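Numbering (our numbering), first residue to last: 567 to 1451. Heads up, the beta-carbon is just placed ideally off N, CA and C, and yes, glycines get one too. Only a predicted model underlies this, so the values are computations on that prediction, with no experimental measurement involved.
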């Protein structure tokens, strides 16, 4: 079976056993701040396991896109060098939310591996947690696995959590049972205690499938309390399963990777052998990772998940250099990824053009510095060896990062190949200094305290219901308070009208009134697994104490919500108008919607001209005047929404049903988008819309800023007042543009006349200047301070003095706007015959007085420190004499 068939058969197998097949969630998590990338199949079910969310099914199966770039066995530097570890991988899994248990999970897993995949039962082994007698008995008595091939591992009392899984220090946890395949004695290691499952971690014992049984709740004291129901969470890497099913020893030899490796081999003209094979495996792995990451919205950047993408891409580019691939190539590999995996993941096909463009641009950017960076690294390496050092300085590593874009791990790999370590502590210190000096504020969750309960229930297990679509005031019951460590706290209530920051819309501000009449300001609202949390300007301990006396509160959204709603609907209108004017390649890359203005980022190459901006603004305001209905469609199946052409935010996580915003047009929907934000009821409620700015946000991403409603009217009033002021200044009637143009024309004519008069005056004083020429070492020299208002005037005077001198050197110094400049010109005969060089002369003079300069043989300039003009002119004769010596 090929990989496509195996992926499909797994999902079919569990669908036949009553499981709902759930689509993979985005690789970029949208509602879990603890994750950079989705790294396990269970991530999208985390809220279900925590009891914060319910689904309309109790059995599920999926093939989840995952990314891991750190942790055990996932060191980025090692990916591509062994047979089984990757950055991007697919996780097959099945789940039961309290509906079935260990017996079904293990028995079905055994049937799938042996009957569906045809694996030899004699090669399969199992491990269980040491005290899990139930799982052991199922393997031995139900599945009939020989006892010698069942290993009891782990011991919590001894700190060994092998075969015991937990979501965190507290919360759901339980034993797990793993299935291994024996790949043969020829792959055994030489462990001192013998090569055996549970003893070593070599490739002979390949872990295939992990079955986790969540049956306990670990409290803060470390006690394991039984959960009301047992849930099942399993995970199996598709890459390992395909390799085993196809009878190959390395994942890279399976048909998940061979098309990519063959493609790279064809591009490079090399065979996949030795170190070249390693480079091809790195590129194949990284092409998949970058293609999927960019598809789900993680563009290369200097921090966060974007920096992970950049690291992966640049590591692949460096391995391309080892194969003599000097032109951008990874974007072409991404096309192979789309071709091979687009049927399973349609989003690859839908976003192929953007993905290819983002990758190609990043490759081009890095290629500009890669060769020079490698050359500079070589010089650093040679210097380290010459000095007897066995490591690269942190300063050198920082320069490679800051100047040439080398991620630290890339420098570490390159240096390691040359037998050098890297001073990572020194590098980190320099990075921290750079960050500290940037002035950018960064928000961390480190200062968030523990939940302070208001009632008997643990707030960490409770969830708020959002009521803000239909209400801006809500009588609610407080559930918990959590300190932010800065005089503010988070307030969790059972229901709330406050919209939490999401989808580009800022969080609501407002107020909370307690039962005792005290009122506190709500600065904003943030999203959490528990729902919207109001950020309250209050001491957490004090607020919690007040609420314990009476948890009743009144929550009221502030007046800014109306302006925010206008701006949010305006972003949808802008998006649709941009697609009309620029083309359907335009998709949203991000937004920020608040009461003061909106910002809308979209994928498009090149700036918009004035005509395009005017057309977009015209279309938007036409729809506003049409006063079309803004319809909210709830619980729309995601597949149906996509079939209707609804636009989705790049990388956003959507459930099986979605909220869809439809803005009516004259005949069909003008705009159709998936959106969880708040909107006006009709487009006329938006009011006038004005685009205020257009700029570049990132490579291939443009940004519009706009205002709507009262803000747009205020802007119009400001413009009207400014135009009236222009008319008042010129004291004439007419169009402001024509009036300003006339004033500018008159100004230019006056400026030309002033320059003519200055040149005439300078010409009149030229004879006096020439009279001050002296002879130095047989060469005529004119050195003098002159009056000049700018560089052009000084150059013009110097040219006339040189021409009038006939043969010689002219050195003129002038001051304007607090700056001093020295000009040196040399006649052509002295440049040719005496080898005098104006650039060398001006440099020698400037250095004597602490200035800097240089230039061409006939004309050169230097900047002089304040108060050094006379000293500089006095140094000119000696410089000329020295040059002629």
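Assigned secondary structure, residue i (DSSP; H/G/I helix, E/B strand, else coil)
{"i": "residue 1041", "result": "strand"}
{"i": "residue 1370", "result": "helix"}
{"i": "residue 1125", "result": "coil"}
{"i": "residue 618", "result": "coil"}
{"i": "residue 749", "result": "coil"}
{"i": "residue 1445", "result": "helix"}
{"i": "residue 900", "result": "helix"}
{"i": "residue 567", "result": "coil"}
{"i": "residue 1262", "result": "strand"}
{"i": "residue 1025", "result": "helix"}
{"i": "residue 1019", "result": "strand"}
{"i": "residue 1010", "result": "Any reading at residue 1010 is ruled out, since the residue's pLDDT is 30, under 50, leaving its predicted position unreliable."}
{"i": "residue 1248", "result": "strand"}
{"i": "residue 1158", "result": "strand"}
{"i": "residue 712", "result": "coil"}
{"i": "residue 608", "result": "helix"}
{"i": "residue 893", "result": "coil"}
{"i": "residue 808", "result": "helix"}
{"i": "residue 1274", "result": "strand"}
{"i": "residue 1402", "result": "coil"}
{"i": "residue 1364", "result": "helix"}
{"i": "residue 1143", "result": "helix"}
{"i": "residue 1254", "result": "coil"}
Cα-Cα separation, residue i to residue j
{"i": "residue 923", "j": "residue 915", "result": "14 angstroms"}
{"i": "residue 1053", "j": "residue 1104", "result": "6 angstroms"}
{"i": "residue 638", "j": "residue 605", "result": "Residue placement at residue 638 is poorly supported in this model, since its pLDDT is 47, which falls under 50; the coordinates are not used for a value here."}
{"i": "residue 864", "j": "residue 763", "result": "39 angstroms"}
{"i": "residue 958", "j": "residue 945", "result": "11 angstroms"}
{"i": "residue 705", "j": "residue 806", "result": "22 angstroms"}
{"i": "residue 1226", "j": "residue 1220", "result": "11 angstroms"}
{"i": "residue 1437", "j": "residue 1370", "result": "25 angstroms"}
{"i": "residue 1235", "j": "residue 592", "result": "27 angstroms"}
{"i": "residue 1184", "j": "residue 1174", "result": "15 angstroms"}
{"i": "residue 862", "j": "residue 855", "result": "11 angstroms"}
{"i": "residue 1112", "j": "residue 1044", "result": "11 angstroms"}
{"i": "residue 624", "j": "residue 728", "result": "28 angstroms"}
{"i": "residue 988", "j": "residue 765", "result": "33 angstroms"}
{"i": "residue 1140", "j": "residue 657", "result": "38 angstroms"}
{"i": "residue 1252", "j": "residue 612", "result": "38 angstroms"}
Residues sharing a beta bridge with residue i, DSSP
{"i": "residue 652", "result": "Its beta-bridge partners do not exist; DSSP assigns none."}
{"i": "residue 1389", "result": "1378 and 1427"}
{"i": "residue 791", "result": "783"}
{"i": "residue 1062", "result": "1032"}
{"i": "residue 1269", "result": "1167 and 1261"}
{"i": "residue 1226", "result": "1199 and 1240"}
{"i": "residue 777", "result": "743 and 800"}
{"i": "residue 587", "result": "627"}
{"i": "residue 721", "result": "726"}
{"i": "residue 766", "result": "763"}
{"i": "residue 1101", "result": "1056 and 1090"}
{"i": "residue 1346", "result": "1341"}
Residue from the options with nearest C-alpha to residue i
{"i": "residue 1419", "options": "1413, 1411 and 1428", "result": "1428"}
{"i": "residue 1334", "options": "1133, 1367 and 1144", "result": "1367"}
{"i": "residue 813", "options": "780, 856 and 750", "result": "750"}
{"i": "residue 644", "options": "847, 1178, 1141 and 1396", "result": "847"}
{"i": "residue 1016", "options": "999, 1350 and 1110", "result": "1110"}
{"i": "residue 1032", "options": "1242, 1047 and 1125", "result": "1242"}
{"i": "residue 1257", "options": "652, 1273 and 1354", "result": "1273"}
{"i": "residue 1343", "options": "1451, 1037 and 711", "result": "1451"}
{"i": "residue 970", "options": "1084, 934 and 1262", "result": "934"}
{"i": "residue 809", "options": "939, 874 and 649", "result": "649"}
{"i": "residue 742", "options": "726, 701 and 723", "result": "701"}
{"i": "residue 1064", "options": "1337, 1081, 614 and 1087", "result": "1087"}
{"i": "residue 1121", "options": "1151, 892 and 1058", "result": "1058"}
{"i": "residue 1269", "options": "1060, 1308, 1153 and 674", "result": "1153"}
{"i": "residue 1422", "options": "1307, 1164, 581 and 1393", "result": "1393"}
Any non-hydrogen atom of the ligand HEM within 7 angstroms of residue i CB
{"i": "residue 623", "result": "The ligand content of the structure shown is nil, which means the ligand HEM is not present either."}
Discussion item. Please give me, in chain order, every unbroken run of the alpha helix (DSSP H) with length at least 4 that falls completely inside the region 910 to 977.
Written reply: Taking only runs of at least 4 residues, the alpha helix (DSSP H) segments lying wholly in the region 910 to 977 are 912 to 916, 918 to 952 and 960 to 970.
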